[in-house]
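Only one structure is covered here, and it is reproduced in the block below.
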Amino acid sequence: MTAPRPPDTDLPFLRGYAEPLLAQVRGLIDTGRLGDYLAKRYPNRHQIQSDKALHAYVDDLRQRYLRRSQRPDRICYDSKLDVLHNALGLNTRQARVHGGRLQTRREIRIASLFRDTAPEFLDMIVVHELAHLRELEHNKAFYQLCEHMLPGYGQLEFDLRLWLTWQALSPDT
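57 is the number that full-length UniProt numbering gives to position 57 of the sequence shown; each next residue is one higher, with no gaps.
Structure follows, in structure tokens:
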């Protein structure tokens, strides 16, 4: 008989979820079916591979849902973002004094591991970072905006966390 696992310690990407749900995830992992579940649910891969294509894609979504928000100066994939510390995307602002004026530069960086994921996962990360243009904190208004831009956002966020868990457990990644 094996000792019970302490809650949340074995599933770092799923911290905060209810224990019955975590038990289901552990069951999928223990039976080796988590990868199959994800492959069946998300069989496709997106074609947005370059920073230029990513910039056009993000700007199109921004135009559709956040027209009045400031356009980010730079949008790119970033291989230095640390997934283990939950940095899947990054939205930064830099304010600098230039002459007598204050200039703000905005950047959106998406972890480069999203170059080879399901389009739904890229959508989720992009929507999350775009929502930060309007809402800085992860509050109720932030998640309502995410859900408005991408219906089913909450499920996609959970499934992305499942995918990250599966990636962390896979020996070939």
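Backbone N, C-alpha and C define an ideal beta-carbon position, used for all residues, glycine too.
Whose C-alpha, out of the options, is nearest the C-alpha of residue i?
i	options	result
Phe114	Ser79, Ala56 and Leu145	Ser79
residue 175	Phe142, Val127 and Thr31	Nothing about residue 175 can be read from this structure; the chain reaches only from 1 to 173.
Leu133	Tyr77, Arg105 and Arg33	Arg105
Val58	Glu147, Arg41, Gln167 and Arg109	Arg109
Ser112	Cys76, Ala39, Leu136 and Glu120	Cys76
Thr117	Asn44, Leu34, Gly27 and Glu147	Asn44
Closer than 6 Å by C-beta to residue i: which residues in its own chain qualify, once you throw out the five before and the five after it? Chain order, please.
i	result
Tyr65	Met149
For residue i, which residues of its own chain have a beta-carbon under 7 Å away from its beta-carbon, when the five flanking residues on both sides are left out?
i	result
Met124	Leu150, Tyr153, Leu156, Glu157 and Leu160
Glu107	Pro72, Asp73, Arg74 and Thr92
Asp10	none
Rounded to whole angstroms, how far is the Cβ of residue i from the Cβ of residue j, which I believe are closer than 8 Å?
i	j	result
Ile29	Leu169	7 Å
Leu38	Leu145	Actually they do not touch by this definition, with Cβ atoms about 26 Å apart.
Can you tell me whether residue i is buried or exposed? The criterion is at least 16 other CB atoms within 10 Å of its CB, across all chains shown.
i	result
Arg5	For Arg5, the pLDDT reaches just 47, beneath the cut-off of 50, and the residue's location in the model is therefore unreliable, although a value from the coordinates is still provided. Counting Cβ neighbours within 10 Å, Arg5 comes out exposed, since fewer than 16 surround it.
Ala56	exposed
Leu136	exposed
Glu129	buried
Pro171	exposed
Pro20	exposed
Ala131	buried
Given residue i, which residues of its chain have a CB within under 8 Å of its CB, disregarding the five upstream and five downstream residues?
i	result
Gln70	Thr104, Arg106 and Leu133
Pro51	The residue you asked about is not Pro; residue 51 is Asp in the sequence shown. Closer than 8 Å at Cβ, skipping near neighbours: Ile75, Cys76 and Tyr77.
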